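Novice: Below: one structure in structure tokens.
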Amino acid sequence: MNENNYRRVEQFVNEVEILTGLHHQNLVSLYGCTSRHSRELLLVYEYVPNGTVADHLHGKKAKPGMLPWHIRMNIAIETASALVYLHATDIIHRDVKTTNILLDNHFSVKVGDFGLSRLFPIHVTHISTAPQGTPGYVDPEYHLYYQLTDKSDVFSFGVVLIELISSMPAVDILRKRQDINLSNMAIKKIQNGTLHELVDPTLGFESDFKIRKMINAVAELAFQCLQNSKDVRPSMVEVLERLKDIQSDGTYKCKPEVLDISVDDDITLMKNEPPPSSPDSNIIINFP
0 MNENNYRRVE QFVNEVEILT GLHHQNLVSL YGCTSRHSRE LLLVYEYVPN
50 GTVADHLHGK KAKPGMLPWH IRMNIAIETA SALVYLHATD IIHRDVKTTN
100 ILLDNHFSVK VGDFGLSRLF PIHVTHISTA PQGTPGYVDP EYHLYYQLTD
150 KSDVFSFGVV LIELISSMPA VDILRKRQDI NLSNMAIKKI QNGTLHELVD
200 PTLGFESDFK IRKMINAVAE LAFQCLQNSK DVRPSMVEVL ERLKDIQSDG
250 TYKCKPEVLD ISVDDDITLM KNEPPPSSPD SNIIINFP
């Protein structure tokens, strides 16, 4: 091993040591790394047995009615809690998506792949696995500045919220061309007052007033997370606080924001207007 490679391995191991020191009930534990039985360094993670959120929403474990709204709400809160913890330690996840949110046998969340941004810096172009986000979840500003921030995680989390509401994947080429990207479809439906067309019909949106109220509130929050400009997205701390408020009483208070969202060329929001409301939002949103 030449000196340059040795230094790289040493830096990698040092970063692993930092990550093994992170402890949160909703993060997959990283135990360390090993080169045993391999010429490569392998990361050793906690085993989480119940698949991913994607599996249960629209994958191999998906069954109608098997993931009721209260479990989805807990998934949202626990995922947000893990991201708040990471951001407090100056770690940007960079690849928040439902396939990186694992579930244990009690449907508690374990967020995985959270340390790859430290192990594979984005400026190291020769590392093909350097995480730069996944199509359907990527911060729109990344395509302008090629930089991911904590607000990039917020955008990706907004997509996760829409998946929890709809049980649809973030990208589906079998959908209509304008609806291939789930976040674009969700923004349009929220703006047009047709959120009900997006909601998974097994969640009780039409029959249970409290669930309807909560889903509308979560959709409004997701809408805030999906703004094009990172400067007007909430922080993960604010997102977590709002989710807890929604869970406790089915509503939350928010301030009117200046939006900078453009979904398609023909769908834009004027600046200095409050966020468009989803159905029944007069019940849900209280502007001070």
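Mapping to numbering that gives the first Met the number 0: the sequence shown position 226 is 225, numbers consecutive.
A virtual CB, placed ideally from N, CA and C, is assigned to each residue, including glycine.
All values derive from a computational prediction rather than experimental measurement.
1) Does Lys-59 come out as helix, strand or coil in the three-state DSSP assignment?
2) Around the Cβ of His-55, are there at least 16 other Cβ atoms within 10 angstroms (buried) or fewer (exposed)?
3) Three or more C-beta pairs closer than 8 angstroms, one from the segment 211-229 and one from the segment 147-167: is that the case here?
4) Contact defined as beta carbons within less than 8 angstroms: I believe Thr-97 pairs with Asn-25. What is the distance between those atoms, to the nearest angstrom?
5) For Ile-186, which three-state DSSP category applies?
6) Kindly list the residues whose CB is nearer than 8 angstroms to the CB of Lys-243, restricted to its own chain and excluding five residues on each side of it in sequence; keep chain order.
7) Would the segment 140-148 count as touching the segment 78-87 if we require 3 or more Cβ pairs under 8 angstroms?
8) Give every residue of the same chain whose Cβ lies closer than 7 angstroms to the Cβ of Pro-292, excluding the five residues on either side of it in the sequence, and list them in chain order.
9) CA-CA distance, Leu-101 and Asp-149?
10) Less than 7 angstroms between the beta carbons of Leu-197 and Ser-166, yes or no?
11) Could you tell me which residues DSSP pairs with Asn-227 in its beta bridges?
12) Using alpha carbons as the reference points, say which of Tyr-136, Asn-13 and Ala-53 lies closest to Gly-31.
13) Starting from the C-beta of Ile-210, find all residues in its chain whose C-beta is less than 7 angstroms away, skip the five residues before and the five after it, and write them out in chain order.
14) Within the continuous alpha helix (DSSP H) that includes Gly-157, where are the two ends?
15) Please report the straight-line C-alpha distance between Asp-230 and Arg-38, rounded to a whole angstrom.
16) Please return the same chain residues whose Cβ sits closer than 6 angstroms to the Cβ of Ile-161, not counting the five positions on each side in sequence.
17) Roughly how many whole angstroms lie between the Cα atoms of Gly-20 and His-92?
18) What separation, rounded to the nearest whole angstrom, lies between the Cα atoms of Leu-163 and Ala-87?
Specialist: From the atom records:
1) coil
2) buried
3) yes
4) No, Thr-97 and Asn-25 are not in contact; Cβ-Cβ is about 14 angstroms, not under 8 angstroms.
5) helix
6) Ile-76
7) no
8) Residue 292 is absent from the structure shown; the chain starts at 0 and stops at 287.
9) 21 angstroms
10) no
11) None; Asn-227 has no bridge partner.
12) Asn-13
13) Trp-68, Leu-202, Gly-203 and Phe-204
14) 149-165
15) 44 angstroms
16) Leu-181, Ala-185 and Ala-221
17) 16 angstroms
18) 25 angstroms
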